[in-house]
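Residue numbers (the working numbering): 27 to 185.
Heads up, the beta-carbon is just placed ideally off N, CA and C, and yes, glycines get one too.
None of the values given here were measured: they were computed from a predicted structure.
These notes concern the structure reproduced below.
Next up, the structure:
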């Protein structure tokens, strides 16, 4: 016996589905709101952004923020971010894959201790080692360079 399913099956109205739809719409608005606030804030002056009560829509849109974006060296800042991210990513992939391979496949004295130290280091927030890290970078002569940001991310156990 062959059964067929109606192509245009209608779902019945249920209060549960209505409630879930309203809940999903509300959650969607919560996730969309920060993007809306950033975009409208880019067309507001600084004093209007911080005004209380907040101004939900720019009454007098300005383009000064976008003008400053191209006048100030923002491209250099973005290039630094991209360069730092790419170099960190490549180095982290190399170091983490080599360390992962050695810890997973090779048996050597102190392997358990090294693994325990790595797991223990993951429990430390970066804020705990921030001051010693700054002092170390200053001692190495790397203070105020891109390497001072790249190297700690390579050595961090989250890899």
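Of the residues the options, the one placed nearest residue i, counting alpha carbons only
{"i": "residue 88", "options": "146, 100, 68", "result": "68"}
{"i": "residue 74", "options": "153, 161, 91", "result": "91"}
{"i": "residue 179", "options": "124, 56, 116", "result": "116"}
{"i": "residue 70", "options": "153, 106, 146, 93", "result": "93"}
Own chain, CB closer than 7 Å to residue i, minus 5 neighbours either side, in chain order
{"i": "residue 175", "result": "110"}
{"i": "residue 144", "result": "183"}
Secondary structure of residue i, DSSP reduced to three states
{"i": "residue 76", "result": "coil"}
{"i": "residue 101", "result": "helix"}
{"i": "residue 87", "result": "coil"}
{"i": "residue 132", "result": "coil"}
{"i": "residue 63", "result": "helix"}
{"i": "residue 114", "result": "helix"}
{"i": "residue 81", "result": "coil"}
{"i": "residue 40", "result": "coil"}
{"i": "residue 68", "result": "coil"}
{"i": "residue 169", "result": "coil"}
{"i": "residue 57", "result": "helix"}
N-terminal and C-terminal residue of the alpha helix (DSSP H) that residue i is part of
{"i": "residue 90", "result": "90–97"}
{"i": "residue 137", "result": "137–148"}
{"i": "residue 178", "result": "173–181"}
{"i": "residue 161", "result": "156–165"}
Same chain, Cβ closer than 8 Å to residue i, five either side skipped, listed in chain order
{"i": "residue 113", "result": "172, 176"}
{"i": "residue 140", "result": "129"}
6 Å Cβ shell around residue i - same chain, five flanking residues per side excluded
{"i": "residue 103", "result": "none"}
{"i": "residue 163", "result": "169, 174"}
{"i": "residue 151", "result": "none"}
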